[in-house]
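No gaps in the numbering here: position 82 of the sequence shown is 123 in the numbering used here, and each next residue is one more. By construction, the Cβ of each residue, glycine as well, lies at the ideal position given by its N, Cα and C atoms. Notes follow the structure.
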Amino acid sequence: LDSHVLRFYARLDTNRPIDMDRNFIISFNLSDDTISVFEPEKRNSGIVHGKFIERSKIQKPNGEYYQAEDIYVGAVVNFRSHQFVITNADEYALCYAEQHQLMNLFEVLEIQNLKTSEFRKFDVSSLSQHRFGVLFLFLAFFSD
């Protein structure tokens with residue numbers, strides 16, 4: 042598990058106009074439950090890119106440490122006073138969640154839809170933190 046890393050795509054959950062378009066990559070290291078946050082370069086943004094939060098264990102607001110099952114597409118996480126909305130995940134993170142039963146049947150359907158290239162392009166950042174928000178979106182899409 043030393044090299045197993047779950048990567049998620051996120052945005053800041055903020056009303057500040059300068060921060061609304063900032064995107065991040067959240068890496069969850071399965072070997073020691075540590076988290077790091079990286080901000081990819083965005084040319085001419087005026088914001089320094091790179092390491093945003095150093096790799097470390099991060100506590101939830103309730104004092105417990107974040108675990109793999111706490112970070113999923115649609116979740117809102119709070120890392121050191123920065124609130125992020127998880128908008129997507131890489132293929133490995135989706136497969137890991139599916140294989141290790143970190144979700145129920147409805148979430149498995151959601152993952153299968155996210156794995157297709159057309160849906161991988163969709164940004165679910167506007168959804169609430171409700172775990173089934175993405176599933177409802179896909180069901181609504183297919184019902185037309």
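For the alpha helix (DSSP H) assignment, the uninterrupted runs of no fewer than 4 residues enclosed by the segment 64 to 140 are, from N- to C-terminal side, 132 to 140. With a threshold of 16 other beta carbon atoms within 10 Å, N56 falls short and is exposed.
The residue among E139, Y133, L47 with its C-alpha nearest the C-alpha of V78 is L47.
Contact between K98 and T128 is absent: CB atoms are separated by about 23 Å, not below the 8 Å threshold. V126 sits buried, since 16 or more C-beta atoms from the chains shown fall within 10 Å of its C-beta. Bridge partners of R57 according to DSSP: none are assigned.
Counting only residues of its own chain and dropping the five nearest sequence neighbours on each side, D60 has a CB closer than 6 Å to the CB of L53.
One alpha carbon belongs to A51, the other to D62, and they sit about 11 Å apart. Residue environment analysis places G115 among the buried positions, since at least 16 neighbouring C-beta atoms fall within 10 angstroms of its C-beta. Counting the other Cβ atoms within 10 Å of the Cβ of Y133 gives fewer than 16, which makes it exposed. Nearest to E110 by C-alpha distance, out of N64, P102, H141, is H141.
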